[in-house]
Each structure stands twice: as C-alpha cells, then as structure tokens.
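Q:
Number of protein chains: 2
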Amino acid sequence: MSELISPITLLDDHGFWRRLFVKREDLLPKYFGGNKVRILASIFSEIDIQDITRVVSFGSRHSNHIRVLAAMMLERDIPCDLIILDDESKKSLAEGNELLATLYNANIHFCPSNEAHEYIDSHLCNLKKQGEKALFIPGGGHTVDGANGYVLAVDEIIDQTRGLDIDCIFLPTGTGTTQAGLIFGSKLRNWNVKIIGVTVARSPERCKKEIRSLLNELNKRYYTQFFFNDDDMEVVDNSEKPYGAIDKDIVDTIRAVAKSDGIVLDPIYNAKTFWKTERMIKDKEYSSCKNILYLNTGGTPNIFTKNFSEALRQ
Amino acid sequence: MSELISPITLLDDHGFWRRLFVKREDLLPKYFGGNKVRILASIFSEIDIQDITRVVSFGSRHSNHIRVLAAMMLERDIPCDLIILDDESKKSLAEGNELLATLYNANIHFCPSNEAHEYIDSHLCNLKKQGEKALFIPGGGHTVDGANGYVLAVDEIIDQTRGLDIDCIFLPTGTGTTQAGLIFGSKLRNWNVKIIGVTVARSPERCKKEIRSLLNELNKRYYTQFFFNDDDMEVVDNSEKPYGAIDKDIVDTIRAVAKSDGIVLDPIYNAKTFWKTERMIKDKEYSSCKNILYLNTGGTPNIFTKNFSEALRQ
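Residue numbers (this note's numbering), protein chains in the order written: chain Y, 943 to 1256; chain P, 943 to 1256.
#1: DSSP on arginine 1197 of chain P, reduced to helix/strand/coil?
#2: Kindly confirm or deny that the region 1210-1217 of chain P and the region 1110-1122 of chain P touch, where touching means at least three C-beta pairs closer than 8 Å.
#3: Got a sec: is the Cβ-Cβ distance from valine 997 of chain P to anything in chain Y below 9 Å?
#4: For the candidate residues P:Glu1030, P:Ala1036 and P:Asp993, whose alpha-carbon lies nearest to that of phenylalanine 1246 of chain P?
#5: Taking contact to mean 3 or more Cβ pairs, one atom from each stretch, closer than 8 Å, check whether the region 1234-1243 of chain P and the region 960-967 of chain P are in contact.
#6: Measure the CB-CB distance between serine 999 of chain Y and isoleucine 1050 of chain Y and report whether it falls below 9 Å.
#7: For the region 1193-1200 of chain Y against the region 1071-1086 of chain Y, do three or more pairs of beta-carbon atoms, one drawn from each stretch, fall closer than 8 Å, so that the two count as touching?
#8: Within its chain, find whatever has a CB closer than 8 Å to the CB of leucine 946 of chain Y; leave out the 5 residues flanking it on each side and keep chain order.
#9: Please list, in chain order, the chain Y residues whose beta carbon lies closer than 8 Å to that of valine 1206 of chain P.
#10: Could you name each continuous beta strand (DSSP E) segment of 3 residues or more that falls completely within the region 959-1003 of chain Y, going from the start of the chain to the end?
#11: Would you kindly work out how many angstroms separate the C-alpha atoms of arginine 960 of chain Y and aspartate 1029 of chain P, rounded to a whole number?
#12: Please classify tyrosine 1165 of chain P: is it buried, with 16 or more other beta-carbons within 10 angstroms of its beta-carbon, or exposed?
#13: Distance cutoff 9 Å, beta carbons only. Does methionine 943 of chain P sit that close to anything in chain Y?
#14: Are the CB atoms of arginine 1003 of chain P and glutamate 1040 of chain P within a distance shorter than 9 Å?
#15: Contact criterion: CB-CB distance below 9 Å. Does proline 949 of chain Y meet it with respect to chain P?
#16: Do the region 1085-1098 of chain P and the region 1117-1126 of chain P meet, that is, are 3 or more Cβ pairs less than 8 Å apart?
#17: Classify isoleucine 991 of chain P: buried if its beta carbon has 16 or more other beta carbons within 10 angstroms, exposed otherwise.
#18: Strictly below 8 Å CB to CB, what residues from chain Y border glycine 1127 of chain P?
#19: Mind listing which residues of the region 1043-1054 of chain Y have their C-beta closer than 8 Å to chain P's C-betas, in chain order?
#20: From which residue to which residue does the alpha helix (DSSP H) around glutamate 1147 of chain Y run?
#21: Could you give the first and the last residue of the continuous alpha helix (DSSP H) run that contains leucine 1207 of chain Y?
#22: When the Cα of proline 1021 of chain P is compared with those of P:Leu1042, P:Glu1074 and P:Lys1033, which residue comes out closest?
#23: Could you check the C-alpha separation between lysine 1032 of chain P and isoleucine 1026 of chain P for me, to the nearest Å?
#24: So what's glutamate 886 of chain P in DSSP terms, helix, strand or just coil?
#25: Spatial neighbours of glycine 1038 of chain Y within its chain, please: C-beta separation below 6 Å, excluding the five flanking residues on both sides.
#26: Would you say alanine 1095 of chain Y lies against chain P (beta-carbon separation less than 9 Å)?
#27: One question on the structure: do isoleucine 1108 of chain Y and phenylalanine 963 of chain Y come within less than 9 Å of each other, judged by their Cβ atoms?
#28: Considering only the alpha carbon of each residue, which of Y:Ser1229, Y:Ser1202, Y:Asp1191 and Y:Ala1048 lies closest to lysine 1218 of chain Y?
#29: Mind checking if arginine 1163 of chain P is an interface residue toward chain Y, Cβ cutoff 9 Å exclusive?
See below:
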C-alpha cells in the first residue's frame, strides 16, 4: 500500500476563504484513483484470499466502488460479480465506471434497487450451492476495514500539511466510510481538525448513524475507548442536489474549478459537494475554518456519460 | 510550470525484460494529464497572450491536444475554436476528449479531413476580417516551443531515475514533438539514452522528417550545433495497428496492464504502443536495453467512447 499516495495542491483564491487545499485522491496512481482505492486496498490487506473463489458486491451505476473492486479482483484472478442497482442501465452501452468494470472482466448483473436485498441473498445462496466460496463486500466498501484505509491516510495528510494549519476537512459523504476513518484517525493522532461531510445520497441522520457504528468498531479494533460526541460527526445536508442528478450548478462548478485550478471534479460526488462547500463558506458558515482541506474523492469516469454529455447541451 | 511533475513507477515483471519503469504523464495533475499538458504549457509560457482575442487549432476526435488546449484557454479567458477533422462525429453526442473540450467552452467545428487546410485558412481569414487577433496553434502542439516542454522534462526524468541506469525510452510518436524534445534534451544533458518512438498515425519516414526539422529549430533556439544522425531518430513502424482502430490486441493489452500494474492505458496511443513494445522485447529486439522507461503519454478520456465500449463486447 506504500505506493498509494496522492498529492495535495493549494487552490487558487476562490474569493471566500483564506486558503483552500485539495487532497487529490483522484490522482491515486491505480485503477483511475479515488477514495475507493484506499478503502478496498485496506479491506483486502486484511483478508486471506486463498480460499475465496468469487467476490460479490453491488452499487449504483455511478459507483466508483464497483470499478475499483473489479480492477482489484482482476489483479488477484478472482471472478467478480457486480450487481448494479438500476434496471435501466442494462439497456444501454456500458459507460463510465460500468465500462471499466466490464473491461476488468467483472460479471455485471442488473437489478432494480428495491429488489436488491432479495437478489443478492439469492445470488449468494446459489453460489454456495455450486460449491463457490464467495466473499461478499458491502456496497461502497462500507466496513471497518474499509474505514481503516482513511484512519491510515490521516498520517499521510498530517505529513503533507505540516505548517499549513489545516483546521477543517470537507468531503462528500455517501456511506460514511471515508469520514469515519478520518474522524477516528485524527482522534488517534490527536490532530485537532474538524471533519465535515456533505451528503451525496443519504440523510445526515442516516450518515451519522453509520459513522457512529464504524467509530465504535474502530474503537474495538484499536483497543481504544475514544468518546465521540455529535459535534465530532458533522454531516451537512445537501439533499437539494439529489444523487445522480446533474444540473446547471454542477456543470458550472466543474467548469469553474477546471478554469481556476485545472482540476476535473466528477459530477456525482465532488462537484455537488464542492458547490455546497463554496456556498457555505460564502454564507460565512464555519467561519472559524481558515485553512480548509477539500478531500477530492475522485470519480472522474462519471464525467464520461450520456447524462453528463446531455447536461452540457442545456 | 513547477507543478507539472508526474511520478515514475516500476512495473511488475512482464517476463521479457529486466526492468520496466513507467513515466506516468497520465497523472500530470491538470486537465486530465498527458503529454499535451507539458507541450501546451511550454507553448503558452513563450507567448504574450495580451493581444490575442482568439485561439484556433485542430485535431482528430481522439486528440488529447484539443482537450488540453480548450482547458488552458478557458483558464486564460480566451475563446477557442477547435476544428475536429471528422465529419461523422458531429452527428453523435460528444464523448471522450470532445466532451471535455465542450465542457471547457471550446467552439467545436467539424470538417472532413481532406478539406482541413481550406477550412482552417478560410476560418482564420474570416476571423481577421472580423477584427479578431487569432493565434493558430498547429495540431498536436507540433512546434519548437511545444517540443521544448520535453527538452525541459528530461531534467525531471534524469532527477527521478538516478541510479536506475535507464538505457532507453519507448513512447508513442504521432507528430514527433515529444520525441524531438526528449532527443534534444538528452543530448543537451549529455545523457546517453536511446529514444525509441513507435508510430501511432504517420509513417516512420514522415515522423523522422518532422523530428529532424524540430531538432534543427531546437539547435537554433539553444544556440547549439548538435549533430543528429539517423540512429538518434529511432522510429518503429506500427502501421499494422491503424490510427483509431481498436482491436482485440488493444483491449487485451489494456486489460493486462490494468491486471499487472493497475495502470489504465488509452486505446488510441499507448495501448498499441505498449503492445508493440512488448512484442519487440519478446522478439529480442533492442536487446541491449536492460532498463526501459516507457513514457505513458496519457489520453485516458479515449477509453470512454462508444467505439471502445463496443470493442469490449466482441
């Protein structure tokens, strides 16, 4: 895992804050980068894969997790079944993350979102009957081992930001895995930094519940008894930008950050989070945060989709 | 330009050579990376853009050059006209590099390849009549200033490869700009390394002619009188893989390098060059080369196209 390092760059003055740095997880050097690279590398560093004959997971068609998992299973010569929770996608040519997962030899299944639970159970059951030893990876790599990828990343961030006085980190929060890792890691290193997640798919309450559960598990894993109160789990509601919808604000944000800093934000996770972050700073929220680190969690394959191309025409 | 640094990684043992390193130009941190980032940054570092009201260039629909130029003009607030030499593309939704150029606000024109010269002349003439001060950038950034981007990159490569005894560099050669820069830069630094271009679009003879012409111009620019013989301009014919065509070898190579090293090669420039490089090494050509640097010139947006997605189905 030592190769998994990403650079940090100082952004152009966006007008509203003192200094904004970006942790470029999009530049992690494997499988097209992004936070799922750290999360899944962390998960597989804990697993003895010798007896596993098959890996199963699921995600939306925008899921970076499915792409990275497919690549890592290709690397390990383990067949990989990916269940995409969208019955519409199967009708069209693979694009974005799904295209890469196909390239990486994953077996793609489709299933309507509301039948996911049943479908996965039945698929795992069938595999068992066929004598397969299948490993199920929760969507997004949402596990304590996954979160540990970001516990460890805190050391890298501390190293890279010495002297920069980073006082808060903004990031997109989907399943809460990345945020939980950062919260626990900064507590473990006694690093006084506020970790602020911005929702991309679930409600703040749901995210906080997931984060609290992961923090409890991390406490067990590290034999620690850290106490986390509600203030430690800051999650901002961004439900006005629904998951997967690409509107003018998102296109404008991607274009603006390309213009100011040459960085390509993805339309599903980071453009909307960056848009919200800018708005909050403009509205003088979190005014005590003077040196902000934005964690760009990657996902650029989601640029290259029919939806995004059509959104550009509007 | 100091931020424009890319990492070098050692590849997994591909079986045929002693050691293979990759210079990851695909990870250059701006505009989706690739060699055109260095080439165009070098060109614009030499130009006083104050009086320029418009920039005009052209390329194929796979062109990384048009994507990077569009981004750099967005950054500088200069309107950018890009002429895509393919009359078919305009009928379909923008994808890959064209999608990004559209996002970056470039004005995309289409014209059949055989009418390019006339079209560009007439377009530049019209702009002049309208009082515009238009700057024309040759396709691919094929200029002495562009090549100078890779003269300068040689210092970075020497720094990064100290002790590795690199004896040759393989790279895709389209217009010859990158290769000319590397040849001149290594001569300038008295670095004894063989630079081997593999054709992606033009014949070896055409490439060598272009390279020789750039080397002459670089001699003038640096007030040097280096002599280059034919051996200094090694260009390998790879015309059995025609420009833009995606066959099974290309898909297999992309998959194999993803599997062995997690690197995503593009289907238009690097996968076919890497395929050819592997074959040559397997056939014991260039047997004196023991420590090889492969220059991955980027271009990953070309993965996300209908053509590539369809090639995966075969």
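C-beta: ideal position from N, C-alpha, C; glycine also.
A: Judging by the given coordinates:
#1: helix
#2: yes
#3: no
#4: P:Ala1036
#5: yes
#6: no
#7: no
#8: Leu970, Pro971, Lys972, Val979, Arg980 and Ala983
#9: Tyr973, Phe974 and Leu1042
#10: 961-966 and 996-1001
#11: 48 Å
#12: exposed
#13: Summary for methionine 943 of chain P: the model assigns pLDDT 35, below 50, so the residue's position carries little reliability; its value from the coordinates is reported in the next sentence. No, its Cβ sits nowhere closer than 9 Å to a Cβ of chain Y.
#14: yes
#15: yes
#16: yes
#17: exposed
#18: Correct list: empty, because the minimum Cβ distance to chain Y is about 24 Å.
#19: Thr1044, Leu1045, Tyr1046 and Asn1047
#20: 1146-1163
#21: Per DSSP, leucine 1207 of chain Y belongs to no alpha helix (DSSP H) and is neither H nor E.
#22: P:Glu1074
#23: 9 Å
#24: Only positions 943 to 1256 of chain P appear in this structure, which leaves residue 886 of chain P out of reach.
#25: Pro1243, Asn1244, Phe1246 and Thr1247
#26: no
#27: yes
#28: Y:Asp1191
#29: no
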